[in-house]
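Those sequence lines, one after another, are chains A and B. The opening residue of the first sequence carries number 1 in the UniProt record's numbering; numbering runs sequentially from there. The opening residue of the second sequence carries number 1 in the UniProt record's numbering; numbering runs sequentially from there. Positions of the beta carbon are idealized from the N, C-alpha and C atoms, including for glycine.
There are 2 protein chains.
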Amino acid sequence: MIQICEVGPRDGIQNEKKILTTEQKVELISKLIDAGIKKFEAVSFVNPKVVPQMADAEEVMKLVPKVNGVTYAGLVLSRSGLERALETSVDALHVVTATSDEFNLKNSRRTVNQAVEELTKVAEEGVAAGKKVAAVLATAFGCPFEGNVPVERVIKAAEAFLQAGATELTLADTTGMANPAQVADVVKTFKNHFGDLDLGLHFHNTRGLGLANALAGYQAGVTRFDSSIAGLGGCPFAPKAVGNVCTEDMVHMFEQMGLETGTDLDKLIETALWMEEQMGRTLDGMMMKAGEA
Amino acid sequence: MIQICEVGPRDGIQNEKKILTTEQKVELISKLIDAGIKKFEAVSFVNPKVVPQMADAEEVMKLVPKVNGVTYAGLVLSRSGLERALETSVDALHVVTATSDEFNLKNSRRTVNQAVEELTKVAEEGVAAGKKVAAVLATAFGCPFEGNVPVERVIKAAEAFLQAGATELTLADTTGMANPAQVADVVKTFKNHFGDLDLGLHFHNTRGLGLANALAGYQAGVTRFDSSIAGLGGCPFAPKAVGNVCTEDMVHMFEQMGLETGTDLDKLIETALWMEEQMGRTLDGMMMKAGEA
């Protein structure tokens, strides 16, 4: 069974210039629930001046359907984000830091060590407040400014968050630098180091390798993947880059391989096409264009 | 070492409405040779009324650079195509049939058996004339009209061509229906059945799985892949579908995995961007947009 965390409502749209209404965001989530999605990174508690698309996080969380078995995570980058998140009904906190200093300095004006220090406290407080905490380690497969990111550095950050009470770890290929051989290596190293860790993978399709990397991750034993409906998403530091791995394309791959995802591909494609109408431009997903085989 | 057969000049452009000049086609091939490509499916000897883009096959073959170590193949679908091919300097004949009747009837007005009967004779004559012959078995991973194509049927056609003197076999996923698990299975079945066969794979990225399928093929032991610069290509029977696996994206994947392709990625990307100018529209390749990591 493949577990999908839909990040379209957060990573997918956060850099889109067209600001969606709260109602559109809630409708997107509702449609995805109807298509079988059980887990969302639904909102981000970041500075609304920096990321205006995420400014209505509290409103979104008030209006999303509360459905048994569906969990909502909110992204948290700081203590003030935590305070906002704890005022909402999010089930989980996704605390995020890059694992390369240069990227992290640009993204949140801190070194990795500074971020880990602040965010492990955030994680502890989140756990104390009854929230599930997942650590998301960005640039884990490479940094657009520093290049290679040693796996030891990623492990060190992971250890700190697990010690602080995080129960999930997601390795993110923020700017699409991973390759399948590297994914297999990194997953193997993490499995050897951490044993039975709940490990997830978050890929971007920037260089066309999103699905190949997800395949390599699955072959290495990972069954939890982030993805974004219609392939929405992008990175502010890679302006020509495209988005996250596309949810319905990944579902198609795994289902064709005989693996269950618990989702309805037709409904996912319908939602992707609906999303294309909302955004008013052609989106990256392939299944929404080619249709099922 | 990964061996790439560049099919951009044939499969890539054959369905493009914008007819390229002979000079543009030759310039494309020259640029690709400069980027390290050693093998081309350069032309197609089909009815120019049906595929006007390929009408100048003889002219193209007259003008392409004759470079040591570079081989040119011409696609042949019939006896009349063979006769044309033998008047040119092509090194190899790619004889092509689909492995599903309904597709083959639409594509060349013959059943698979009828095509195999005619084309094995073509293969024999080609070999007798001193040409290398490769058999390309289309719809080998599924047919858009018939669905599943039993692997036994593909093996039967392969046997006939090998007996007729073909020394290469390429399995083609003509409309992008393959998935990585199936690719692994089919390759394994072929390797078990044929032993040391020179087996290549030809994927389309119609449903986003081109590179994941190439990865699965490589993992199963295949090292020869067709691809098309900038991801050009498409299928007349799948109008919304996109093209072949993109050469520079596949090169990037394999090179990042530490595998040699003998090509220069920068020059491939430059050629893809040049091709975009010639076609006058945005092409599908990802590396040409994102750049190297």
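| message | Just to make sure I have the definition right: I need the residues of chain B whose C-beta is within less than 8 Å of the C-beta of residue 206 of chain A. Which are they? | response | For the purposes of this step, residue 206 of chain A is taken as residue 206 along the first sequence, with counting starting at 1. Correct list: 286, 290.
| Roughly how many angstroms lie between the CA atoms of residue 51 of chain A and residue 193 of chain A, to the nearest whole one? | Translated into positions along the first sequence, residue 51 of chain A becomes position 51. Translated into positions along the first sequence, residue 193 of chain A becomes position 193. Taking the straight line joining both Cα atoms gives about 36 Å.
| Going along chain A in order, which residues have a C-beta closer than 9 Å to the C-beta of residue 252 of chain B? | Position 252 of the second sequence, counting from 1, holds the residue named residue 252 of chain B. Going along chain A in sequence order, the residues near residue 252 of chain B (Cβ under 9 Å) are 179, 207, 208, 209.
| query | chain B beta carbons: is any one of them nearer than 8 Å to that of residue 264 of chain A? | reply | Within the first sequence, residue 264 of chain A is the residue found at index 264, counting from 1. Output row for residue 264 of chain A: interface = no.
| message | Taking the alpha-carbon of residue 149 of chain B as reference, which of B/168, B/173, B/195 has the nearest alpha-carbon? | response | For the purposes of this step, residue 149 of chain B is taken as the residue at position 149 of the second sequence. For residue 149 of chain B, the nearest C-alpha among the options comes from B/173.
| Distance, Cα to Cα, residue 216 of chain B vs residue 222 of chain B? | Residue numbering aside, residue 216 of chain B sits at position 216 when the second sequence is read from its first letter. Residue numbering aside, residue 222 of chain B sits at position 222 when the second sequence is read from its first letter. If I take the Cα positions, the gap works out to 9 Å.
| request: Would you mind telling me which residues of chain A sit closer than 8 Å to residue 215 of chain B, beta carbon to beta carbon, in chain order? | output: Mapped onto the second sequence, residue 215 of chain B falls at position 215. Near residue 215 of chain B (Cβ distances below 8 Å), the residues of chain A are 180, 212, 215, 216.
| query | Name the chain B residues that come within less than 7 Å of residue 35 of chain A, Cβ to Cβ? | reply | Position 35 of the first sequence, counting from 1, holds the residue named residue 35 of chain A. Those within 7 Å of residue 35 of chain A in chain B number zero; the least Cβ separation is about 18 Å.
| query | Just how far apart, CA to CA, sit residue 141 of chain B and residue 178 of chain B? | reply | Counting from 1 along the second sequence, the entry for residue 141 of chain B is found at position 141. Counting from 1 along the second sequence, the entry for residue 178 of chain B is found at position 178. Answer to the nearest angstrom: the Cα atoms are 5 Å apart.
| task | Quick one: list the residues of chain D neighbouring residue 1 of chain A, beta-carbon separation under 7 Å, in chain order. | result | Absent from the structure is chain D; the protein chains it does hold are A and B.
| task | Verify the contact flag: residue 200 of chain B, CB atom, against every heavy atom of the ligand PLP, threshold strictly below 7 Å. | result | This structure lacks the ligand PLP, and indeed carries no ligand of any kind.
| field | Validate contact between the segment 180–199 of chain A and the segment 148–162 of chain A using beta carbons, cut 8 Å, 3 pairs | value | yes
| field | Bridge-paired residues (DSSP) for residue 40 of chain B | value | What you label residue 40 of chain B is simply residue 40 of the second sequence in a count that begins at 1. According to DSSP, residue 40 of chain B bridges with B/6, B/72.
| query | If we count the other Cβ atoms within 10 Å of its Cβ and call it buried at 16 or more, is residue 361 of chain B buried or exposed? | reply | Residue numbering for chain B in the displayed model covers 1 to 293; residue 361 of chain B lies beyond these limits and cannot be assessed.
| message | I want to verify the contact list: residues of chain A whose CB lies under 9 Å from the CB of residue 249 of chain B, in sequence order. | response | Position 249 of the second sequence, counted from the start, is the residue given in the question as residue 249 of chain B. Within 9 Å Cβ-Cβ: 207, 208, 209.
| Unbroken beta strand (DSSP E) run spanning residue 132 of chain A, endpoints | Here the question's residue 132 of chain A lines up with position 132 in the first sequence. That run of the beta strand (DSSP E) goes 132–138.
| Quick one: which chain B residues come within Cβ less than 8 Å of residue 246 of chain A? | Indexing the first sequence from 1 puts residue 246 of chain A at position 246. Near residue 246 of chain A (Cβ distances below 8 Å), the residues of chain B are 208.
| said: In this structure, how does DSSP classify residue 172 of chain A when only helix, strand and coil are distinguished? | reply: Within the first sequence, residue 172 of chain A is the residue found at index 172, counting from 1. Residue 172 of chain A: strand per DSSP, three-state reduction.
| message | So, at 6 Å on beta carbons, what are the nonlocal neighbours of residue 259 of chain A in its own chain, with the 5 sequence-adjacent residues on each side left out? | response | Translated into the one-based positions of the first sequence, residue 259 of chain A becomes position 259. So the qualifying residues of the chain are 2.
| Between the segment 141–173 of chain B and chain A, which residues of the former have a C-beta closer than 9 Å to a C-beta of the latter? | 142, 144, 147
| query | Around the Cβ of residue 97 of chain B, are there at least 16 other Cβ atoms within 10 angstroms (buried) or fewer (exposed)? | reply | Counting from 1 along the second sequence, the entry for residue 97 of chain B is found at position 97. Flag for residue 97 of chain B reads buried.
| Just curious, the alpha helix (DSSP H) that residue 294 of chain B is in, first and last residue? | The first residue shown for chain B is 1 and the last is 293, placing residue 294 of chain B beyond what the model contains.
| Cβ shell of residue 146 of chain A (< 6 Å), same chain only, five flanking positions each side left out | In the first sequence, the residue the question calls residue 146 of chain A occupies position 146. Hits under 6 Å: 100, 102.
| message | Please give the ranges of any alpha helix (DSSP H) in the segment 225–282 of chain B, keeping only runs that are unbroken, at least 4 residues long and fully inside the region. | response | 247–256, 265–279
| query | Taking 8 Å as the CB-CB limit, is residue 233 of chain A close to chain B? | reply | Locating residue 233 of chain A in the first sequence gives position 233, where the first residue counts as 1. Residue 233 of chain A does not count as touching chain B.
| query | Looking only at C-alpha atoms, which of B/288, B/83, B/251, B/77 sits nearest to residue 129 of chain B? | reply | Locating residue 129 of chain B in the second sequence gives position 129, where the first residue counts as 1. The shortest C-alpha separation from residue 129 of chain B is found at B/83.
| said: Can you give me the C-alpha to C-alpha distance between residue 74 of chain B and residue 138 of chain B, rounded to a whole angstrom? | reply: The count along the second sequence starts at 1 and reaches residue 74 of chain B at position 74. The count along the second sequence starts at 1 and reaches residue 138 of chain B at position 138. In a straight line, the C-alpha of residue 74 of chain B is about 16 Å away from that of residue 138 of chain B.
| query | Rounded C-beta distance between residue 60 of chain A and residue 43 of chain A? I'm assuming under 8 Å. | reply | As a position in the first sequence, residue 60 of chain A is number 60, starting the count at 1. As a position in the first sequence, residue 43 of chain A is number 43, starting the count at 1. Right, their Cβ atoms sit about 5 Å apart.
| Roughly how many angstroms lie between the CA atoms of residue 181 of chain A and residue 167 of chain B, to the nearest whole one? | Counted from its first residue, the first sequence places residue 181 of chain A at position 181. Counted from its first residue, the second sequence places residue 167 of chain B at position 167. Their Cα atoms are separated by approximately 31 Å.
| According to DSSP, is residue 92 of chain B helix, strand or coil? | Taking the first residue of the second sequence as position 1, residue 92 of chain B is located at position 92. If DSSP states are grouped into helix, strand and coil, residue 92 of chain B belongs with the strands.
| said: Using a Cβ-Cβ cutoff of 8 Å, what residues of the segment 87–101 of chain A are near chain B? List them in chain order. | reply: none
| Which residues bound the beta strand (DSSP E) around residue 199 of chain A? | As a first step, residue 199 of chain A is located in the first sequence; it is residue number 199 there, counting from the start. 199–203 is the span of the beta strand (DSSP E), which, as asked, contains residue 199 of chain A.
| request: Could you tell me the distance, in whole angstroms, from the CA atom of residue 271 of chain B to the CA atom of residue 24 of chain B? | output: Locating residue 271 of chain B in the second sequence gives position 271, where the first residue counts as 1. Locating residue 24 of chain B in the second sequence gives position 24, where the first residue counts as 1. So the two alpha carbons sit approximately 12 Å from each other.
| request: Indicate the three-state DSSP secondary structure (helix, strand or coil) for residue 22 of chain A in the structure shown. | output: To locate residue 22 of chain A, count along the first sequence from 1; it is residue 22. Helix, per DSSP.
| query | Interface residues of chain A around residue 257 of chain B at Cβ under 7 Å? | reply | The residue you call residue 257 of chain B lines up with position 257 of the second sequence. Going along chain A in sequence order, the residues near residue 257 of chain B (Cβ under 7 Å) are 179, 180, 181.
| query | Pick from B/107, B/86, B/171: whose alpha carbon is nearest that of residue 126 of chain B? | reply | Start at 1 with the first residue of the second sequence, and residue 126 of chain B comes out as number 126. Residue B/86 is the option with its Cα nearest to residue 126 of chain B.
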